[in-house]
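S.K.: The structure's right below; bear with me while I get my questions together.
In UniProt numbering, the protein residues as written are 1 to 338.
Pasting the structure below:
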């Protein structure tokens, strides 16, 4: 609806755009707006957007949509450039409305893939100054990928009451900011993530929180949409369970949200998973919220997710097969690049 109502411009970056009917409907909407005179720019990660065919891109351009792949691999530092993905999701509409969160474009994200069933994700709709700030980051990325400098929104923006802080990381910096918040926790840490593959420093920060009496809850999906990542999480989740954390597996479909709540007073919603790839390699987009009313709303939704989950015990880990434990060892050797 927000895109339909756009009058001047629509700037969008997604990590993934599929080739199914949902994706085609989305692209047709962008074409319609471009034909109506709206400046439409679409950026998609080069690896995440592998399903987008040349003829689709050509049609977008013919209809007036400006398109680019982001983070195209380069011969110089080829290995790193292949692995550093633009994992952000940014949507900015007329400098007034923006979106940030875990959704991509495809039928599975609307729960239409029978393999995953219901798809559970978290997305923030932000108005006012927050939209202008997000537009600046889109412009930075667009310039890096295309060489084109964008004119930023110069109109009046609404200043909201909720305090927030964006963290747009470029392969570094996110863990420093994020860990600083975890270290300040006095009562509780809630982490909901589709992939839980932390490095030594990441796990030690959570263990230290447990040792000082902080209640730690971790929610991960039962189903997995990525090779080896479910198994890769096993040893880390078991370590957290042994340290006193509560571990939950989401059972009502597939959980893809990336949410952290600390002491019921701050929340993080964005694109970063709780793994080394997100915190040390990828470019990510996260929003830290310091508003009790908004945090309470997020927590209210998460409580439903915990209700739809199974709390794991030692017996559940004892039931994991020897083969899966072997895969867990293999996966953690490769953890930095999963």
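Yeah, the Cβ is synthetic: ideal placement off N, Cα and C, and Gly gets one too.
Note that this is a predicted model, so its numbers are computed, not measured.
I believe residue 22 touches residue 105 by the beta-carbon criterion, under 8 Å. Please report the beta-carbon distance rounded to the nearest angstrom.
M.R.: Contact flag correct, Cβ pair sits at about 7 Å.
S.K.: Just to confirm, are residue 43 and residue 141 a CB contact at a threshold of 9 Å?
M.R.: The answer is yes: Cβ separation under 9 Å.
S.K.: Could you give the first and the last residue of the continuous alpha helix (DSSP H) run that contains residue 222?
M.R.: Note, residue 222: premise wrong, no alpha helix (DSSP H); not H, not E.
S.K.: For the segment 182 to 196 and the segment 216 to 226, state whether three or more C-beta atom pairs, one from each stretch, are separated by less than 8 Å.
M.R.: Cβ pair count under 8 Å is three or more, so yes.
S.K.: Could you spell out where the beta strand (DSSP E) holding residue 192 opens and where it closes?
M.R.: 188 to 192 is the extent of the beta strand (DSSP E) around residue 192.
S.K.: Reducing DSSP to helix, strand and coil, say where residue 290 ends up.
M.R.: The answer is coil: DSSP assigns residue 290 none of H, G, I, E or B.
S.K.: Taking only runs of the alpha helix (DSSP H) that begin and end inside the segment 27 to 102, which ones reach a length of at least 4 residues, in chain order?
M.R.: You should have 54 to 62 and 78 to 83.
S.K.: Just mark residue 197 as buried or exposed, buried being the case when its beta carbon has 16 or more other beta carbons within 10 Å.
M.R.: It is buried - the Cβ of residue 197 has at least 16 other Cβ atoms within 10 Å.
S.K.: In whole angstroms, give me the CA-to-CA distance for residue 330 and residue 277.
M.R.: Cα to Cα, the separation comes out at about 16 Å.
S.K.: For residue 268, which residues does DSSP report across the bridge?
M.R.: DSSP output for residue 268 lists 260 and 288 as bridge partner(s).
S.K.: Select from 234, 72 and 69 the residue whose C-alpha is nearest the C-alpha of residue 249.
M.R.: For residue 249, the nearest C-alpha among the options comes from 234.
S.K.: Of the choices 41, 261 and 2, whose alpha-carbon is the least far from that of residue 150?
M.R.: Nearest of 41, 261 and 2 to residue 150, Cα basis: 41.
S.K.: So what's residue 215 in DSSP terms, helix, strand or just coil?
M.R.: Residue state, collapsed to three classes: strand.
S.K.: Less than 8 Å between C-beta atoms, sequence neighbours within five positions excluded: which residues of the same chain meet that for residue 185?
M.R.: Contacts found: 209, 214, 262 and 263.
S.K.: If you compare alpha carbons, which of 63, 46 and 139 is closest to residue 74?
M.R.: Cα-wise, what sits closest to residue 74 is 46.
S.K.: Which residue from 283, 254 and 258 puts its Cα closest to that of residue 119?
M.R.: The option with the nearest alpha carbon to residue 119 is 254.
S.K.: With the cut-off set at 9 Å, would you say residue 32 and residue 53 are in Cβ contact?
M.R.: Cβ atoms of residue 32 and residue 53: not closer than 9 Å.
S.K.: Using DSSP's beta-bridge definition, name the partner residues of residue 164.
M.R.: Paired residue(s): 289.
S.K.: Have a look at the DSSP bridge pairing and note the partners of residue 196.
M.R.: DSSP, once it has assigned bridges, lists 274 as partnering residue 196.
S.K.: Based on the DSSP output, what are the partners of residue 246 in its beta bridges?
M.R.: Note: residue 246 sits in a beta bridge opposite 217.
S.K.: Who are the near neighbours of residue 241 in its chain, counting only those whose CB is closer than 6 Å to its CB and skipping five residues on each side?
M.R.: Excluding sequence neighbours, residue 241 sits near 247.
S.K.: Where does residue 7 fall in DSSP's three states?
M.R.: Of the three classes helix, strand and coil, the one that applies to residue 7 here is coil, per DSSP.
S.K.: What is the DSSP secondary structure of residue 279, reduced to helix, strand or coil?
M.R.: If DSSP states are grouped into helix, strand and coil, residue 279 belongs with the helices.
S.K.: On a Cα-Cα basis, can you pick out the residue from 153, 13 and 4 that is closest to residue 284?
M.R.: Residue 284 has its Cα closest to that of 13, out of 153, 13 and 4.
S.K.: What residue range does the beta strand (DSSP E) around residue 309 cover?
M.R.: Run containing residue 309: 309 to 311, per the beta strand (DSSP E) assignment.
S.K.: For a minimum of 4 consecutive residues, which ranges assigned as the alpha helix (DSSP H) are wholly contained in the segment 106 to 180?
M.R.: The qualifying runs are 129 to 146.
S.K.: Going by the CB atoms, is the gap between residue 308 and residue 252 shorter than 9 Å?
M.R.: Contact: yes.
S.K.: Which value, in whole angstroms, describes the spacing of the CA atoms of residue 153 and residue 228?
M.R.: Rounded to whole angstroms, residue 153 to residue 228 spans 43 Å at the Cα level.
S.K.: Helix, strand or coil for residue 16, going by three-state DSSP, please let me know.
M.R.: If DSSP states are grouped into helix, strand and coil, residue 16 belongs with coil.
S.K.: Between the C-alpha atoms of residue 238 and residue 93, what's the straight-line distance to the nearest angstrom?
M.R.: Each residue's Cα considered, the two are about 44 Å apart.
S.K.: For residue 202 versus residue 224, is the C-beta spacing smaller than 9 Å?
M.R.: No. Outside cutoff.
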